[in-house]
Amino acid sequence: MAPSHHSVIIIGTGPAGYTAAIYTSRANLSPLVFEGAQPGGQLTITTEVENFPGFKAGVMGPELMEEMRQQTLRFGTEIRSETVTAVDLGQRPFVVTTDDGSYTADALIIATGASAKWMGLGKDERLSRSGGGVSACATCDGFFFRGKEIAIVGGGDTALEEAMYLTKFASKVNLIHRRDQLRASKAMQERALKNEKIAFHWNKIVEDILTAEVETPMGDKLEKIRALKLKDTVNGSLSELPVEGLFVAIGHKPNTELFAGQLATDESGYLVVEKGSSRTSIPGVFACGDVQDHTYRQAITAAGSGCMAAIDAERWLAEQEG
Ligand code: NDP
């Protein structure tokens, strides 16, 4: 069967992807949107968003994304809950393959966002998937650690913000940072350093996650975190910190695996766009949101860049016809 053809395909449904969909659908381009593994993007794993203009009392992240989704549907956007597994940008029209089929597009808008980074131990990511007490999202999982002693790794704004949030649940939050100075903003540092439930462990990295096998209420065996093996970055000494939970907050990486070797990226893997536009290194392919932005990374800037990508795509398509 021939792949179904579309003027515009949008990959990703964070604020960037949805905004691109609103604009392109209102321009009668009938975009097809793939929402992938995390529909709604990173905002669906946050709680309250207080800085998105238009919501004077704040809005919950998942609610904001649902509003955006409904807004795209209102103008006739087609959203498919398929995960894109490959793209071929070497031919026109571009070919997009998903876990369910194959599609072609004249213009492609990439809004695949960024994902939380893991420490590279392997075990941290594995335990996060298996419910072993490791997480990269305090607002999603903090609740599970009520009255427990936990740890969080990182020294940026995210780590400090999440550490403070976690003190609402945990009996004690151990913040582990690889240096003796925090990267977070001064205001955030002042608040966190004042919080008596946060203990700071300076110059430490997590060398290993120590686990124990426990029995679940269903009688299954589950590998759960019981302690962290910490290494001092100054003198190399090892120590053990008993904790029942671990949060990893060491930054994000752009979701660009699909485009490796096809589109230009910077040294951190973010897609490179022409200054002041959403144009990537291939004409007809546009990028917006966190996949091309490691500076601002806000919902509102992602939405703004989604609008830029839609307008750039619309103009580019018109030029091809003319
Ligand atoms: P950052 O990149 O700012 O910080 C990452 C932290 O993790 C750093 O302290 C870094 O250490 C540490 N780290 C990185 N890799 C490792 C590793 N492999 N092992 C151990 N530690 C590691 O990321 P954030 O997510 O904190 O913030 C991203 C952006 O979002 C920033 O611009 C931030 O200001 C912003 N932000 C703003 C908020 C707000 O204003 N409310 C809230 C959250 C984020 P080192 O310092 O040594 O490099």
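With the numbering used here applied, the sequence shown covers 62 to 383. Cβ atoms here follow ideal geometry from the backbone N, Cα and C, with glycine treated the same way.
Query                                                                                                        : Result
Distance cut-off 7 Å: V214 Cβ against heavy atoms of ligand 3                                                : No copy of ligand 3 appears in this structure; the ligands present are ligand 1.
Three-state class that DSSP yields for M279 in the structure shown                                           : coil
Exposure of Y357, with buried meaning 16 or more beta-carbon neighbours within 10 Å                          : exposed
CB contact check: F155 to chain D, cutoff 8 Å                                                                : Annotation note: the requested chain D is absent from the structure, which comprises a single protein chain.
CB of C349 within 8 Å of CB of A98, strictly                                                                 : no
Same chain only: Cβ atoms within 8 Å of L332, ignoring 5 sequence neighbours per side                        : I171, P315, T317, F320, L324, A325, T326, T341, A348, V352, Q353
Per-residue burial, Q184 [other beta carbons within 10 Å of its own, 16 or more giving buried]               : Strictly speaking, residue 184 in this sequence is Lys, with Gln absent from that position. Under this definition K184 is a buried residue.
Three-pair Cβ contact test at 8 Å for the stretch 277-289 versus the stretch 128-142                         : no
Validate contact between the stretch 240-253 and the stretch 217-228 using beta carbons, cut 8 Å, 3 pairs    : yes
Sequence-distant residues of the same chain with beta carbon closer than 6 Å to P123, five excluded per side : T105
Option nearest Q132 by Cα separation, candidates T74, L150, T228                                             : T74
Burial state of S366, where buried means 16 or more other Cβ atoms lie within 10 Å                           : buried
Helix, strand or coil at Y331 according to DSSP, with G and I counted as helix                               : coil
Straight-line Cα distance separating S300 from I266                                                          : 10 Å
Residue closest to M121, alpha-carbon to alpha-carbon, out of D149, C201, K255, A88                          : C201
Cα-Cα separation, R190 to A197                                                                               : 11 Å
Beta bridge counterpart(s) of S196 as assigned by DSSP                                                       : F308
Endpoints, beta strand (DSSP E) assigned at S65                                                              : 65-72
Distance cut-off 7 Å: H313 Cβ against heavy atoms of ligand 1                                                : yes
Bridge partners - P303, DSSP secondary structure assignment                                                  : A288
Unbroken stretches of the beta strand (DSSP E), 3 residues or longer, contained in the stretch 85-138        : 93-95
Cross-strand partners of E274 (DSSP beta bridge)                                                             : E284
Endpoints, the alpha helix (DSSP H) within which T385 is located                                             : Outside the displayed span of the chain (62 to 383) sits residue 385, for which this structure offers no information.
Separation of A118 from Y164, as counted between CA atoms                                                    : 41 Å
Heavy atom of ligand 1 within 7 Å of A220 beta-carbon                                                        : yes
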